[in-house]
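My numbering applies: residue 482 is where the sequence shown begins, and numbers increase by one.
Here a beta-carbon is modelled for each residue, glycine too, at the ideal position from N, C-alpha and C.
The structure presented is a predicted model; accordingly, all values stated were derived computationally and were not measured.
Below is one structure; the comments refer to it alone.
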Amino acid sequence: MDLPNRIYLALHPIGMAFAILVLASIIGLFFINRQLTNRMTVRLVAAIAFTDLLSHIGEYYAVENYDLIAGTTLCTSVNGFRLFARTFYCWVNMAICFHIYRSLVLLKKTTWRSEVYIWAATAVFVVAETLIYYGLGAFTGVVARKRCTPGVEDYSKNLAFLMFQSLTNLLTIVIGIFVTIKSHSNLNKWINVMSATATEQGEDRDQLISERRKMAVRSFLYPLSACITLPFEAIFLICTAAGTYVYELVVCMALSTGFAGILTAAAFAIDPTTHKAFKAAYYQIKYKDSDKKGSAEEYGMIDF
């Protein structure tokens, strides 16, 4: 077995474990006190962890069953699952970028209506792109390759498939970088708006500014993680479309995609809101004050 496949087999189970840990943590907080997870950011992080899990499962299964024959029902199903999971991963990352931009740059508060629109748009884009891949025949794979990987027998359609997939990856990266830079430049304005409202309620302004800044800056880690996991894959797809196979890119791609779940878990672990949620959950269990289920704002866990 070559080096990239050994990397896949080593890293993807670890990524799965970390993705499951994030999901289990959020689900656990929900059952302790649903108000602790009553923020769109938390739901988006849960969605990212879920897409991480799907991607890790798909890639691990594909490598573990490397000898699947292209064109068979099982291979077609595996390829379809992998493409869906990757597409889902990209669009959920773009959704969290849009949410951050809307909140920190446009200074708009999250409402149920806006959240429904974001989730609906994400679902439409994921399904539409997956159906495009299906229509191109990318689920079937290329029999001549003698391995089960997404692809199309027809050269023109395969080129379209590779470029479409690489452009989605590049779009996710560009949006992540743009939103991070734009939001960071608008951070002081957002903090001033937030602190003006909060200080009217008697909260300490300096402490509030420090907490809000830390919370916002740490939130940038979620979209930036995609800027680590996707670049090598995007470049590899472009090189493949150009008829060039770069072995070093495959190794780098195996490493970067294998870290997806780990990166999400790391961002979740250092998120100040996560710390407050677990602290609140701990005290609620310790003092058994299950009847005192305050709002997210009471725990300092405002949404952007």
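At the C-beta level, W671 and A707 stay beyond 8 Å of one another. Pairing N560 with C629 gives a Cβ-Cβ distance under 8 Å. In the DSSP annotation of this structure, the continuous segment of the alpha helix (DSSP H) that includes N574 starts and ends at 554 to 585. Following the DSSP letters along the chain, one finds R594 inside the alpha helix (DSSP H) bounded by residues 593 to 617. Counting only runs that start and end inside the stretch 660 to 746, the alpha helix (DSSP H) elements of at least 4 residues fall at 668 to 680, 686 to 700, 702 to 710, 712 to 722, 728 to 739.
Across the structure, Q646 and E545 are spaced so that their CA atoms are roughly 23 Å apart. DSSP, read as helix, strand or coil, puts N514 in coil. About 5 Å separates the CB atoms of G539 and A566; that is less than 8 Å, so the two are in contact.
Here F620 carries a coil assignment [DSSP, helix/strand/coil].
In this structure, V503 sits near A530, with a CB-CB distance shorter than 8 Å. A residue is called buried when at least 16 other Cβ atoms come within 10 angstroms of its Cβ; F713 meets this threshold and is buried.
With a contact defined as Cβ atoms closer than 8 Å, K695 and Y582 miss out at about 19 Å. In the three-state DSSP reduction, A551 falls in the coil class, being neither helix nor strand. Just so you know, the alpha carbons of V607 and F569 end up roughly 6 Å apart.
For K757, the enclosing alpha helix (DSSP H) starts and ends at 753 to 767.
For T630, the three-state secondary structure derived from DSSP is coil. Taking the Cβ atoms as the reference, V573 lies roughly 5 Å from T532, within the contact range of under 8 Å.
A distance below 6 Å between beta-carbons, with the five flanking residues on each side excluded, links T710 to the following residues of its chain, in chain order: S737, T738, A741. Contact annotation: T557 and T611 have beta-carbon atoms that are not nearer than 8 Å.
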